[in-house]
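Here is the structure we will look at.
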Amino acid sequence: MTVLTSAIAHTFLPSILANLPQEWRGTTFANSALLGREVFSASVEKLLLEKHAKRDNIVTEAELSALGNAEDYLRVSTNISVLLELVLGLEVSLPTRQVFTFGSTTIPIISVLLTSKLPVLLYVDEGVASPFTADQLATLALLGTNVTIVSGHPVADPSAVVLALQVSPKKISAAVDAIVSDSVLYIHNPSKVNPDDILVIRKRLSTPLTTPVCEKFLQTIAGVKVTADGDASTPEALADFYAHLQTMSGTSVDAHANPVVFTAGLPAVCSIWLSLLHGGGADILMASTAYGGSSQLTDIYVNKSSGKIHKWKFDITGKNKISDSIKQALDKLTITATAPTTVLFVEIPTNPDMKVPDIATLAQHLTSYRNTTGKEVLFLVDTTFAPASKVLQKISAVAPDLTTMVFISMSKSVSRGHTTAGTIIANTASPQSRKLLETVRWAGQLLDTTAKTDQLWRLTENHVGVEDRCQKAYEVAVTTGTALQAAVAKYAHGFHMDLAFVSPENAAQGFTTSTYSFNLPPLPNATAEANYAIAQRFVDLLTAHPSFKPCVSFGQDNGKVYCTVPSTSTQGAIKAEDKAKQLVGGVELTRLSFPPHGDVQAIVAVLENAIRVVVRVRPPLPSEKGHATGALAADAAAKTVRVASDSSKSFAFDQVFAASASQDEIFQGTGIASMLLSVLDGYAGSTHPCPTPGIVPRVILGLFDAIAAATLDKKREYSVKCSFVQIYNEQQKIMATHNLNAASSRSHCIYTLYVESVDPTNPDDVTKAKLSLVTLQESIGINKSLFVLRQVIQTLSSSDDGSATNKGVHVPYRDSKLTALLKHSLGGNSITLMIACLSPSDAYVDENLSTLVYAAKAQSISNKPVKNEDPKAQLIQKLRDEVATLKAQLAQAQQVILHLGQLGDQNDNVDATGAISSLADVTPSADKVPPVMKPVMAHTRPASSLASPSPTNNPATPSVQASPPAAATSVVVSSAGTKRLKQNVIDNVELIKNMYQNERQLRSEVDFVTSEVSTVRMENRTLNLENQSLREVGLDGGMTGGLTL
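Using full-length UniProt numbering, read the sequence shown as starting at 1 and increasing by one per residue.
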């Protein structure tokens, strides 16, 4: 059996690096089906071996995307960091489980010290400096570490962990249990160094290598051109960034007390706790339901500090008033606190409750505690949810001498989700706060968890405008929250659902969070397990829509709504009894976070329509007037239908309508009108009612009313076509009536309206959808179509996620014409509403039970609505955008080359122009031009950085940001002088040659893409003609989209 070797893996690296999915470059990832490091690594190995067996060395972006996600957050693991760990492990014959990259040079060593049950012998390789000073070792000893630094070759010791700090990980001795090299930990003896324990330390105290650094590392290994991790902030940009952080936090700008920026939020908190431990210890008071990572990190310090760090809790859940809860906890601490410093650590707004306490009251409570006990105090406020709330100013107004600091996790709003980072900002007017800040800075250097070059660059590029983004996201949250509450009241018979959200008064004070939480109403007569699962089911339904993402983060400016159940995500490390306090009626808390930009109307529509199954007891037919009607008990308020004679047979649905409900009540109450708006936006939808005269005509009239309004509002043109199909025993024809319904044709009817929307100003902007009105007839003789339909529903309801995308699940759509036509409505990409109609007559109780079982199973189906933009139109627009980008880059390249040539003309001693001209005949690379080329010159760097690319960051030597050529000329000439600039031109002849090559590649790519646009236009015209002919014969079953009724 072939196993993946380093040599095989290396053959795939160039194509993998060329086709990395954009999603891999993010900081948060969908958490609906996480694989973990080991399973993800195994999936990569399997893919590469399969490709190797086929002698196919190209790995596509689609194949990489199909692998899934290792973890949901960069601080834990990313797909690219696991890929790097797989490749590094193969080089030294270690499994991925035993290889860890770190965004730190010292945490790989510290992680072994903190997790080892034996003393550690650290052997430092020749030529490598000792990683710690004596003072740093003394501080680490406060956490129970036991390390001896030794020089020379490692010697085996069964009573100790032998750890080697080496230049190369490939110099392996049988004596070593683990090796640290270039920020990577290689575990050779997992019985002494437990990988699971190491993972906990890395995700709480540090991070893996960031994505740009991982990508650069892999590019270096693959021997391809190094393009990643080349950007750096200017000193001026960093100064502006630090000043902005101080201003947002409400303290005076002071460059002598610059904020400390870390690789992530938890490493920032870790450095504060280490600083306090260095100063003698602390009693830390925090919310019982605080972020689980902060809680677990604090627990690590409690367990390792030999009684010098203590954790205490206050309760903020439910109706508890934060200030009162904190006051009670502080009163207890006046007796129980033993450490020299007491810390009040508060999230404002709180998470996930979104409460904003009176800050002046908290400051007064803490001041009173300090005066009573004589202890040092620290008021540490986490403003991640509202970074521009100026809390230090609010605290200083009532307690100017209080030691205060602000903590912000900046992977959210500040960086717009482009990097992980955290910061600690001190009250610059407080000497004690400034002193503690410098100790925090020292601790960050010891742990080497201060932000790296790539992180600082992304922060300086994105922090501007955070106040405006937070305000806009708050406004989106207000709109959607109001709509969600109205929808719950509408469908839950007036139930008022509270939102855990900031008040307008809080928002006016700067607490403009984009997040709110809520407990959905419990289902009457449902089991405790069913009510407990409602929150997750709701999240699953929402995240089937592409605008919603199952993720723990927020504040990311990508148009996505982030959805999560906190108890199973952000509060994973919180005790069960504390999480249980958040239940209301047995229903868990759900948290939604909204972007500053997005289609609010579409978001609201999804919230209101998250696949519903509705049961309606129809009015009795004339032939049923004398029948008994007590066998079934339909409760519209409880939304249940049960068998009166058997209490165990009870069914709960999204809505239940009694026989007295009118057609208009059903049409309005089921939300069909809002589903029609989704059709006009290009989404598919479906509703399956029984024969209820009135619903279908109302839907058709409603669609045309919506088109009339949308034509004026959206400035788009709409065309509508229709088809009608009847299916009986796989035949499309009219059949006879039957005894159960004299008006029935004993057939399944599908009436489809095709809606095409065109922007008259851009004919290529086309969206298509179809509105299918499906009538399914029950009869005593079950025909093949209905039998297969039930098989489809049974298969979908039994799959893990209720969708047809679940790997390994075969859904028999093609076994009948009916299910083939309904493929997109059941487990596909439509917005679907099923209306199951029951007879009020006891004579048909068996048929009613069959329908109820059928409908109950349909509730487990999960659709994934997709906007049906014409794929050719999408491709044309994408190619147009690429042409525009490439032309801009080409113009930039020409300007830079012209500029360099002009500089050469000015040189009296060296014929730079001749040197440049001699390169004009350089033949461009024969490699295929990549689809999208990166900017030719994103920034300028010193010549030395061009000579020896390295995967290691060096934030101490930032490079200069790019400007347009004219501006660059003035900056360089004024700062370095003409002679130095001329010499740089000569020194970087290779750079100039590359510039010419890139220019030619760009010209070639522009021609290539322009040709592709023409080809796609021709294909588009051909396909449009084919689609038109299909529609005319009513066979357009391949179109994705529609509203099916």
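The C-beta atom is built at its ideal place from N, Cα and C for all residues, glycine as well.
Euclidean distance between Cα positions of residue i and residue j
i            : j      : result
residue 1046 : GLU71  : Residue coverage of the chain in this structure runs from 1 to 1045, which leaves residue 1046 outside it and unanswerable.
GLY318       : LEU583 : 9 Å
SER745       : LEU818 : Reliability fails at SER745, whose pLDDT of 47 lies under 50, so the model's placement of it is uncertain and the value that follows must be treated cautiously. Going from the Cα of SER745 to the Cα of LEU818 covers about 16 Å.
ASN462       : ASN427 : 24 Å
ASP635       : ILE793 : 25 Å
LEU113       : PRO340 : 26 Å
GLY559       : GLN471 : 15 Å
LEU459       : LEU822 : 48 Å
ALA658       : SER839 : 11 Å
GLN536       : ALA290 : 20 Å
ASP125       : ILE424 : 35 Å
ASN258       : THR105 : 23 Å
PHE554       : GLN445 : 29 Å
Residue i classed as buried or exposed, judged by whether at least 16 other C-beta atoms fall within 10 angstroms
i      : result
ILE666 : buried
ARG814 : exposed
SER206 : buried
GLN556 : buried
VAL699 : buried
GLY510 : buried
LYS51  : buried
SER816 : buried
PRO154 : buried
SER433 : buried
CYS588 : It is Glu, not Cys, that sits at residue 588 in the sequence shown. Classification of GLU588: buried, given that the 10 Å Cβ count is 16 or more.
ILE335 : exposed
SER271 : buried
PRO208 : buried
ASP664 : exposed
GLU778 : Unreliable placement is indicated for GLU778, whose pLDDT of 45 sits below 50; the coordinate value is still reported in the next sentence. So GLU778 counts as buried.
LYS46  : exposed
GLY630 : exposed
GLU85  : buried
GLU756 : buried
PRO387 : buried
Cβ-heavy atom distance, residue i to the ligand FMN, below 7 Å
i     : result
ASN79 : Here there are no bound small molecules, and the ligand FMN is not part of this structure.
Span of the alpha helix (DSSP H) around residue i
i      : result
CYS270 : 265 to 278
THR139 : 134 to 141
LEU447 : 431 to 447
ASP664 : 663 to 669
CYS470 : 466 to 491
GLU61  : 61 to 65
VAL82  : 79 to 91
Residue range of the unbroken beta strand (DSSP E) whose run includes residue i
i            : result
SER593       : 589 to 593
residue 1059 : The requested residue 1059 is not part of the displayed model; the chain covers only 1 to 1045.
CYS563       : 561 to 564
LEU122       : 120 to 124
TYR751       : 748 to 759
GLU717       : 717 to 727
Same chain, Cβ closer than 8 Å to residue i, five either side skipped, listed in chain order
i      : result
LEU17  : GLU215, LEU218, GLN219, ALA222 and VAL224
ILE326 : LEU285, PHE314, LEU344, VAL346, PRO357, LEU362 and HIS365
LEU48  : LEU4, ILE8, ALA9, PHE12 and VAL59
Contacts around residue i, its chain only, beta-carbon distance under 6 Å, and the 5 residues preceding and following it disregarded
i      : result
ARG97  : GLU38 and PRO195
SER58  : What sits at residue 58 in the sequence shown is Ile, not Ser. SER15, listed in sequence order.
LYS192 : VAL161 and ASP177
THR419 : GLN455 and ARG458
SER43  : LEU67
TYR73  : THR28
Cβ-based neighbour list, residue i, same chain, cut-off 7 Å, excluding 5 preceding and 5 following
i      : result
GLY465 : none
TYR516 : MET354, ALA477, GLY481, LEU499, ALA500, PHE501 and LEU592
Start-end ranges of the alpha helix (DSSP H) lying completely within the region 498 to 526, minimum 4 residues: 504 to 508
Quick check for students: name the residue ranges of the alpha helix (DSSP H) that lie wholly in the region 158 to 234, counting only runs of 4 or more. 195 to 205 and 211 to 222
If we require 3 or more residues per run, which beta strand (DSSP E) segments fall completely within the region 286 to 357? 309 to 314 and 341 to 347
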